[in-house]
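Only one structure is covered here, and it is reproduced in the block below.
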Ligand code: SAH
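Residue numbers (this note's numbering): 468 to 933.
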């Protein structure tokens, strides 16, 4: 069968990829189609052909899948943010749970894993759950400033001030900023010519404290924001406004933030809580973006760690110490390791803020620090606990753990290993190594942090076989 670009064909979608694209076969030849879900019968137009598969664009749905819903966001298809809004939230959760189960079976070799998996933890209301937004700012054809999100795989801005997964307060913030820019002829950044001033608007909200931060990312000095008082006074009228900042980024780069921040009004940080722990958040700090579900995920990690008060715990890939401080509430001593020095500065400051003195942080690669500390032992009692902890927690980036690290963990022989993961593939690969001999999986949970996207977060408890 010969296919041509732009040819229209009818497909029944039979599968869903990890990136949230539907997969259907036409006379045995597979096509990937964005915006479709399993069970759709759809007319699609071929966009790209490879030797053994192709891509196609959805033209129209002939017969919708029972799992399909009308995406509540009017720009869901164009926007590069949400990928699977057209799938009911219940089915999204099922898709994520199944993905973890499949990886654990296929890559990890854990047959019967379903019996050890808790039911998926989804959000009660999967909207307005994010506490951080970064809106690119540009100019429309009429010359008006606009803000929104990038279309998928491009830098063209889809204007949208009322994103459904962001905090509702963003709409008011953006409208104030856009009106101010228009009135005072403040130019939006133009990526092509590297000209103009306002590149992005960053907002952060403390879900528990109600504190709001606004940060304008500028291609130049904040002195170029004329009539800035007019702007800060309008923004101050928003409930909870705590910090209005500018960040300077004059580089020709896709990186959103520069390294320098200037306070325009109020504090240079906001604060928020996850559980009982208080965190200070500045424009440049990393902080989990879905605080409600982070509490659920880290609550699970804490539950799986099984702490009773006196334990020694390592928290590897600790970031700003979110999990470390959570664990320190119930442990004797916690050791955290993280590669980014600024994150460790935040972690130490957050420990102080919460009056916790049973946490020690190390800067460096987990796969270097842990073997070094383990090998360094001088044999005293503290050292012995540090070398043979009760629990090791890991929360690595997508690529998972280094094998040197996994082998050191095994040599240290903790009673329990708690693995928090944002990639079920590398999770399964690493669990397979950890469970070769002395450890077995006891329990696992999938906790949805990023509704309408394909990101999957999970946590596994492994115990030493007695
Ligand atoms: N648990 C953290 C976030 C973990 S995200 C929190 O809740 O805040 C993964 C972290 O691993 C990131 O902070 C990243 O900077 C760090 N990281 C990446 N590679 C690392 C390595 N080889 N050793 C230690 N940390 C690393």
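Using N, Cα and C, we set each Cβ at its ideal position, and we do this for glycine too.
What do you reckon, is the C-beta of residue 753 under 7 Å from a heavy atom of ligand 1? Numbered from its first residue, the chain shown carries residue 753 at position 286. At least one heavy atom of ligand 1 is nearer than 7 Å to the Cβ of residue 753, so yes.
Looking at the strands, I want to know which residues DSSP matches up with residue 737. For the purposes of this step, residue 737 is identified with residue 270 of the chain shown, where counting begins at 1. In the DSSP output, where bridge partners are listed per residue, residue 737 has 748.
Taking just the CA atoms, how far does residue 686 sit from residue 662? Taking the chain shown and counting its residues from 1, the one referred to as residue 662 is at position 195. Taking the chain shown and counting its residues from 1, the one referred to as residue 686 is at position 219. Using only the alpha carbons, I get a separation of about 8 Å.
Closest to residue 539 by C-alpha separation, out of 530, 550, 909, would be which residue? Here the question's residue 539 lines up with position 72 in the chain shown. Checking every option, the nearest Cα to that of residue 539 belongs to 550.
Is residue 785 a contact residue of ligand 1, with contact defined as CB to any heavy atom under 7 Å? Locating residue 785 in the chain shown gives position 318, where the first residue counts as 1. Yes, ligand 1 has a heavy atom inside 7 Å of this Cβ.
Is residue 864 near ligand 1 - that is, is its Cβ less than 7 Å away from at least one heavy atom of it? Within the chain shown, residue 864 is the residue found at index 397, counting from 1. Yes, since a heavy atom of ligand 1 falls inside the 7 Å radius drawn around the Cβ of residue 864.
Among the candidates 790, 800, 521, whose CA atom is the shortest distance from the CA of residue 814? As a first step, residue 814 is located in the chain shown; it is residue number 347 there, counting from the start. Here the closest residue by C-alpha is 790.
First and last residue of the uninterrupted beta strand (DSSP E) at residue 909: Taking the first residue of the chain shown as 1, we reach residue 909 at position 442. Run containing residue 909: 906–913, per the beta strand (DSSP E) assignment.
Pick from 591, 816, 860 that is closest to residue 802, judged by C-alpha positions: As a first step, residue 802 is located in the chain shown; it is residue number 335 there, counting from the start. Per the Cα distances, 860.
Do you know whose CA, among 710, 822, 910, 837, lies nearest residue 728's CA? Stepping through the chain shown from its first residue, residue 728 is reached at position 261. Nearest C-alpha to residue 728: 710.
Should residue 768 be listed as close to ligand 1, given that the test is whether its C-beta is under 7 Å from any heavy atom? Residue 768 sits at position 301 when you count from the first residue of the chain shown. No; taking the cut-off as 7 Å, the Cβ of residue 768 has no heavy atom of ligand 1 nearer than that.
DSSP three-state call for residue 873: helix, strand or coil? Residue mapping note: residue 873 aligns to position 406 of the chain shown, counting from 1. Residue 873: helix per DSSP, three-state reduction.
Close-in-space but distant-in-sequence residues of the same chain around residue 572 (CB under 7 Å, 5 per side omitted): In the chain shown, the residue the question calls residue 572 occupies position 105. Excluding sequence neighbours, residue 572 sits near 578, 580.
Which residue from 476, 752, 610 puts its Cα closest to that of residue 812? Mapped onto the chain shown, residue 812 falls at position 345. Minimum Cα distance to residue 812 is reached at 752.
What residue from 762, 888, 914 has the CA that sits closest to residue 588's CA? Here residue 588 refers to the residue found at position 121 when the chain shown is read from its first residue. The shortest Cα separation from residue 588 among 762, 888, 914 belongs to 914.
Any chance the stretch 849–868 sits against the stretch 772–792, with 3 or more Cβ pairs inside 8 Å? yes
So what's residue 805 in DSSP terms, helix, strand or just coil? Taking the first residue of the chain shown as position 1, residue 805 is located at position 338. It is a strand residue.
Identify every residue that forms a DSSP beta bridge with residue 582. Your numbering for residue 582 matches position 115 in the chain shown. Its beta-bridge partners do not exist; DSSP assigns none.
So the alpha helix (DSSP H) residue 897 belongs to, where does it begin and stop? Here residue 897 refers to the residue found at position 430 when the chain shown is read from its first residue. 891–901 is the extent of the alpha helix (DSSP H) around residue 897.
Using only the heavy atoms of ligand 1, determine whether one of them is closer than 7 Å to the beta carbon of residue 805. On the chain shown, residue 805 is found 338 positions in, with the first residue counted as 1. Yes, Cβ of residue 805 sits closer than 7 Å to a heavy atom of ligand 1.
If we call anything under 8 Å between Cβ atoms a contact, is residue 674 one with residue 759? Position 207 of the chain shown holds residue 674. Position 292 of the chain shown holds residue 759. Yes.
Between the stretch 902–921 and the stretch 864–873, do at least 3 Cβ pairs fall closer than 8 Å? no
I'd like to know whether the C-beta atoms of residue 632 and residue 597 end up nearer to each other than 8 Å. In the chain shown, counting from the first residue as 1, residue 632 sits at position 165. In the chain shown, counting from the first residue as 1, residue 597 sits at position 130. Their beta carbons are under 8 Å apart, which means residue 632 touches residue 597 by this criterion.
Every unbroken alpha helix (DSSP H) inside the stretch 556–614 [4 residues or more]: 556–573
Through-space distance from residue 851 to residue 669, alpha-carbon basis: By one-based count along the chain shown, residue 669 stands at place 202. By one-based count along the chain shown, residue 851 stands at place 384. Computed Cα separation, rounded: 46 Å.
Beta-carbon proximity of residue 795 to residue 830, cut-off 8 Å: Here residue 795 refers to the residue found at position 328 of the chain shown. Here residue 830 refers to the residue found at position 363 of the chain shown. Not a contact, by the Cβ cut-off of 8 Å.
Residue 912 and residue 923 - do their beta-carbons sit closer together than 8 Å? Residue numbering aside, residue 923 sits at position 456 when the chain shown is read from its first letter. Residue numbering aside, residue 912 sits at position 445 when the chain shown is read from its first letter. Cβ atoms of residue 923 and residue 912: not closer than 8 Å.
Compare the C-beta of residue 648 with all C-beta atoms of chain B and state if any pair is closer than 8 Å. As a matter of chain content, chain B is missing from the structure shown, which is built from one protein chain.
Return yes when at least one heavy atom of ligand 1 lies under 7 Å from the C-beta of residue 884, else no. Here residue 884 corresponds to residue number 417 of the chain shown, with the count starting at 1. No, Cβ of residue 884 sits at least 7 Å from all heavy atoms of ligand 1.
Quick test of your reading: residue 664 and residue 656, contact by CB under 8 Å. State the CB separation rounded to the nearest angstrom. As a position in the chain shown, residue 664 is number 197, starting the count at 1. As a position in the chain shown, residue 656 is number 189, starting the count at 1. The pair is a contact, with the Cβ atoms about 6 Å apart (cut-off 8 Å).
Quick one: any contact between the stretch 504–515 and the stretch 468–484, if contact means 3 or more CB pairs under 8 Å? yes
Exposed or buried, which one is residue 932 when buried takes at least 16 other CB atoms within 10 Å? In the chain shown, residue 932 corresponds to position 465, counting from 1. When all chains shown are included, residue 932 counts as exposed.
Are the CB atoms of residue 723 and residue 793 nearer to each other than 8 Å? Translated into the one-based positions of the chain shown, residue 723 becomes position 256. Translated into the one-based positions of the chain shown, residue 793 becomes position 326. No, they are not a contact pair.
Scan the stretch 769–825 and note each continuous alpha helix (DSSP H) run of 4 residues or more that stays entirely inside, going in chain order. 789–795, 808–820
Following a CB-centred definition, is residue 790 positioned closer than 7 Å to any heavy atom of ligand 1? In the chain shown, the residue the question calls residue 790 occupies position 323. Residue 790: yes, Cβ under 7 Å from ligand 1.
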